[in-house]
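Engineer:
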Amino acid sequence: MGNRPRPRATNKQLPFWWQTETPPSRAVDIGKLSLGVCCTPPTAMFPTFTGSSRKGRNVNLSGQKAINPFTSTSWAPSAAVGASKTVAHAQAERLQRQQERDRLKAAQRIQKTWRGHRSRRNLRIARRQAIDLLYRGQGQVDVEQRTTQATPLVLSTYQASDRDDQQRLCLLARDLLHTRFACFAPGVLELPRLGRLIRIAAFALDRVLGRYCRDLGPTSQMLDLVRRAVVTPLSATATPDRDEISGVLEKFTSDHGGSSTSELEDAGFLAGYILTLIFCFPTLGDEIRMRLYLADIPTRQGPLPAVKFFWNAFSRTSIFSKIGSDPDAALEILLQKPSSQTDSWWHREWRTVLLFLELYIFVLRLTDDDDFFSGLSVPFHSGGSSPRLRLSSLGLQELKRMTLFLKHLGFTLYYSAADLLNSNPSDANMVDSSSAFLTRPRSVAGSDKTVEALPFVLTAGVDFGAFRNLVSTAMKMLYERDSRRQFLPPQHWLMTSKFDMESFLSAVVLEEQSQREQAEAEDEEDNDDADAAEPPVPFSSSGLRISRQARMEWIRAARKQAARDILRAAAGPRLEILRNMPFVIPFNMRVQIFRQFVHLDKHRRRGGNIDPDMWRLWVLNQHGGPAQPTPAGRNIIGRHQAQIQRGRMFDDALESFWGLQDGLKEPIQITFVDEFGMPEAGIDGGGVTKEFLTSVTTEAFTPNEGLFIANSKNSYYPNPCSIDQSKNALQEAQIPENSEEWAETITSRLRQYEFLGRVIGKCLYEGILIDVSFAGFFLLKWATSAGASDTYRANINDLRELDEELYQGMLRLKNYPGNVGDLSLDFTITDQISLPGEPFRTTTRDLVPNGENVVVTNENRLLYISYVARHRLIIQPYAQTRAFLRGLGMIIDPSWLSMFNQNELQRLVGGDSSEIDVEDLRKHTAYSGVYEIGDDGQEHPTVKLFWEVMYQLEDRERRDVLKYVTSTPRAPLLGFSQLSPPFSIRDGGRDQERLPSASTCVNLLKLPRYDDAETLKRKLLYAVTSGAGFDLS
């Protein structure tokens, strides 16, 4: 056959996908299939069996953008295809929708806040002009008429930062004084405006008088003299002394003594009198309690200490017997309607209960462990010569009964708070209240609706919050004593029968989420009502009862807050128990709840991406994608990365991560560098972060830093002299106290404490154990954040952990048989202000106002001991402790920490101190290299030898091995299954002389393949006891 010209390809000869009318350059949408189909339409000529043709063109039918494989970054794979890509797109779309919803909410909030801002500003300018016009022609206007017109204008336009407004307020105040507040007469101006005026005047006076007192006013010493000259005579004439209290007690018992029933009634009357004194003189509360504690009450059996007398009365009340024997009786008693008479059995018995708790809490503050535990077994003898604290102690059986009463009552007050707050209190409760404004208002004229009464009030002057706080304080003080040195049965505090423990964890998680949503809704509501008027003050200028309208506004505000409290209590009864009575739930369950709270917080903050690498990829996907991230995305990732030099880890970490605030919760990446700035080899897959955190804490607790000091048991607490030492150094350098350098130095010191709190919180957050032991009194403060009220109460027993010599000195003073006044002690204390190694310098501070003139006597020496403990444990280290707790609370919610006592918190931080469970460790150990377990499921012979040796070791030696590998000698609370990364073993070669080595950052033991158990044991113990690591391997 001769050569023929090759036929030209026609449309009929082309494949079917080329004959379509769709342009070749456009992607074809084939349904909704997520299949990546690549087709090759011809684009260039190449020979085929049909003749000349074109080279196939790539047609992307998957809808995915082509990514240059050479532009892939270190934080993301070069290409993600298939199902993972689809999931990533779905997550990105879901995130985009969430961001759109957040932007919409933010826009609505901004509109609510700023809508009408220009109109309000113009209206304020117009009203100011009207005020100026009123006072421009002062001789032609009636003063009363001008005051009536100017008052509403000034109240609606006043701004504290505007000096012209301050001048207008002065003009109005002059007119008000001239007219004797005639504009506030009934029918002229509403009385609530007076409350607004009082608040404005108070803030203005605070600004003006502050400058006046600094420039022209008398010195603080003269003011203190004037204050004492006025207050001391009033206190002397108003406050009853010890003899008067004793006389009142003798008068009651002599007039009403007789049967046990009459003694119970007398105790109720006495309790009402003493409680009234405490409520009327709160600043003298400790002195009143001390005088009552020192008083003996005559009875038919002889004189009794006041504590014993009120205990006898308290234990004979029907309230005590019913609640102590039945956990469900407390709610029934609290909800029943008492008699309308103020001297009914309801009020008498509850007053007796309240006063005994007040007095016993005071006694617990003064009682050391020796006196407390000696009173458990020694019977009471009224005529004995024992110290008064021991005479006032309760026996073991009495304490068991009282703790049962407190536990049942406290459980009801927290778990059933919503029922109690929703209950309608009786008329007697409301009338008997100490506040004149708790009376139930009548219906408003012209309305058929009646305002509901205020929430639960127990008896005179004791609302729900004060009552619950008193019960909770007594219960916690006894629980802390029992947790420090157990005297009650092991299961005494548990109340698991009140819950379904199988579903308890999930129920608590739901309550936590519900309360979080409720708190967010309340924040939005508060923002919306930011300009709303505050409730008026509950009094008039003439001391008369306020108007009905003002009373209604005040009650409305109180009811709004009460409704929030009710809603919060109803939304989380189990959470309330966990936060305030955690000891009724088993410890292991509370640890699981804590871990679940942390996991949910990670899930919420990281958009569901718990894994560090997935979180970084998620962040970059929000900011341009991994291939071309925006500067914002790179900034977020960069802020969580740092180069740390060994030897100055704490300073580098503070400099690198201080600005993150609570962002330290997110994953961080660490690169260690040498002194020349050269990075060490290795990739931070989580192990380097662990080494970084443990190393930072180890360095921060060294004596060179001076942040923390250790007691005789090597337990750490904040250095109480740290701030005083810094101030003294600045004074010696002649730096002014109001200078920027002074403020920066003190702030920098406190910043170190706060950052260390964040680091400790980060370790708790990530489940990383650290080998640091904290003092028990310091751990008791962890449940309170820096902004919340401190619930820690100092006592003499905690002084033992702080300073053993000071504790023994206080005990000698307490038991001193002679006249304490001969010791020439006063209510002052000496604090060290010099740095270690420098000449010793001190400063003297008052324990009470004018303490240098208050002599310590036999009667007030217990108060002196109490104030010394309070100063050393609370006041002196206050700034350092507050800064540390602020940092800790930024990472770990203080309510989570409130679920544990001091011993449990130490276990949470450093692990379980019980004996090492080798079987549990073996069960959760990972193997790699030669030691990896094969299909037969058998361990390597060397691995078998290792576990044989571990079983033979003593617990002390096992702890050395565990610390050598994991950097901490204690096991995690819930077993070695919680250790992250898991305990791992890898082969370390065949050399029989080679020592085992460890990588603590990943909990890895590199174990050579020894032939016999004796060699393995000898080499292992030598390595762990000599600190062998990479250098000796």
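FYI, this note's numbering numbers position 407 of the sequence shown as 1421, with every residue one higher than the one before it.
Where is the CB? At the ideal position from N, CA and C, for every residue including glycine.
#1: Restricting to Cα atoms, I'd like to know which of 2037, 1401, 1105 is closest to residue 1830.
#2: Terminal residues of the continuous alpha helix (DSSP H) containing residue 1181?
#3: What three-state label does DSSP hand residue 1857 in the structure shown?
#4: Please name the residue in 1389, 1359, 1348, 1363 whose C-alpha comes closest to that of residue 1432.
#5: Just to confirm my understanding: we take residue 1388, look at its own chain, exclude 5 residues before and 5 after, and list those with CB closer than 8 Å. What are they?
#6: Here's the rule I'm using: 16 or more other beta-carbon atoms within 10 Å means buried, otherwise exposed. How should residue 1991 be labelled?
#7: Of the choices 1936, 1969, 1776, 1890, whose alpha-carbon is the least far from that of residue 1923?
#8: Whose C-alpha, out of 1162, 1139, 1209, is nearest the C-alpha of residue 1176?
#9: Do the CB positions of residue 1982 and residue 1705 come within less than 8 Å of each other?
#10: Suppose only complete runs of 4+ residues qualify. What are the alpha helix (DSSP H) ranges in the region 1720-1759, listed by chain order?
#11: Residue 1422 and residue 1337 - do their beta-carbons sit closer together than 8 Å?
#12: Around the C-beta of residue 1119, are 16 or more other C-beta atoms found within 10 angstroms, so that it is buried, or is it exposed?
#13: Within 10 angstroms of its Cβ, does residue 2039 collect 16 or more other Cβ (buried), or is it exposed?
#14: Check each candidate in 1614, 2027, 1164, 2018 and name the one with the smallest Cα separation from residue 2056.
#15: Compute the Euclidean distance between the alpha carbons of residue 1694 and residue 1848, then round it to the nearest angstrom.
#16: Assuming residue 1642 and residue 1683 form a contact by the criterion Cβ under 8 Å, report the distance between their Cβ atoms to the nearest whole angstrom.
#17: Taking just the CA atoms, how far does residue 1484 sit from residue 2066?
#18: With DSSP as the reference, label residue 2013 as helix, strand or coil.
#19: Is it the case that the Cβ atoms of residue 1172 and residue 1185 are separated by a distance below 8 Å?
#20: Here's a check: name, in chain order, each residue in its chain whose Cβ is nearer than 7 Å to the Cβ of residue 1488, leaving out the five neighbours to either side.
#21: Just verifying my parser: in three-state terms, what is the DSSP assignment at residue 1690?
#22: Output the boundary residues of the beta strand (DSSP E) element that contains residue 1999.
#23: Quick test of your reading: residue 1428 and residue 1590, contact by CB under 8 Å. State the CB separation rounded to the nearest angstrom.
#24: Taking only three categories from DSSP, how would you classify residue 1337?
#25: From what residue to what residue does the alpha helix (DSSP H) around residue 2020 run?
#26: Is it true that the region 1959-1979 meets the region 1762-1769, where meeting means three or more beta-carbon pairs spaced less than 8 Å apart?
#27: Going by the DSSP bridge assignment, what does residue 1319 pair with across the sheet?
#28: Apply the 10 Å Cβ neighbour rule to residue 1285 and answer buried if 16 or more other Cβ atoms are within range, or exposed otherwise.
#29: Are three or more beta carbon pairs between the region 1658-1675 and the region 1740-1760 nearer than 8 Å?
#30: DSSP beta-bridge partners for residue 1941?
#31: In whole angstroms, what separates the C-alpha of residue 1517 from that of residue 1523?
#32: Give the secondary structure of residue 1683 by DSSP, where H, G and I count as helix, E and B as strand, and everything else as coil.
#33: Where do the N-terminal and C-terminal ends of the alpha helix (DSSP H) with residue 1877 fall, by residue?
#34: Report all residues from its chain with a CB closer than 8 Å to the CB of residue 1169; omit the five preceding and five following residues, and keep chain order.
#35: Excluding five sequence neighbours on each side, which residues of the same chain lie with their C-beta closer than 7 Å to the C-beta of residue 1160?
#36: Residue 991 bridges to which residues according to DSSP?
Structural biologist: Let's see:
#1: Minimum Cα distance to residue 1830 is reached at 1401.
#2: 1177-1193
#3: It is a strand residue.
#4: Residue 1348 is the option with its Cα nearest to residue 1432.
#5: 1404, 1407, listed in sequence order.
#6: exposed
#7: 1776
#8: 1139
#9: no
#10: Listed in chain order, they are 1736-1746.
#11: yes
#12: exposed
#13: exposed
#14: Residue 2056 is absent from the model: the chain starts at 1015 and stops at 2047.
#15: 41 Å
#16: That belief does not hold up - the Cβ atoms of residue 1642 and residue 1683 are roughly 21 Å apart, past 8 Å.
#17: What is shown of the chain runs 1015 to 2047, which leaves residue 2066 out entirely.
#18: strand
#19: No; because the gap between Cβ atoms is not below 8 Å, this pair is not in contact.
#20: 1371, 1374, 1375, 1420
#21: coil
#22: 1998-2001
#23: 4 Å
#24: helix
#25: No alpha helix (DSSP H) holds residue 2020; the beta strand (DSSP E) holding it covers 2018-2021.
#26: When Cβ pairs closer than 8 Å are counted between the two stretches, the region 1959-1979 is seen not to touch the region 1762-1769, the count staying below three.
#27: 1310
#28: With a 10 Å radius around the Cβ and a threshold of 16 neighbouring Cβ atoms, residue 1285 comes out buried.
#29: The region 1658-1675 vs the region 1740-1760: no contact.
#30: 1999
#31: Roughly 10 Å separates the two Cα atoms.
#32: Residue 1683 falls in the strand class under three-state DSSP.
#33: 1875-1884
#34: 1207, 1210, 1211, 1214
#35: 1148, 1189
#36: With the chain covering only 1015 through 2047, there is no way to say anything about residue 991.
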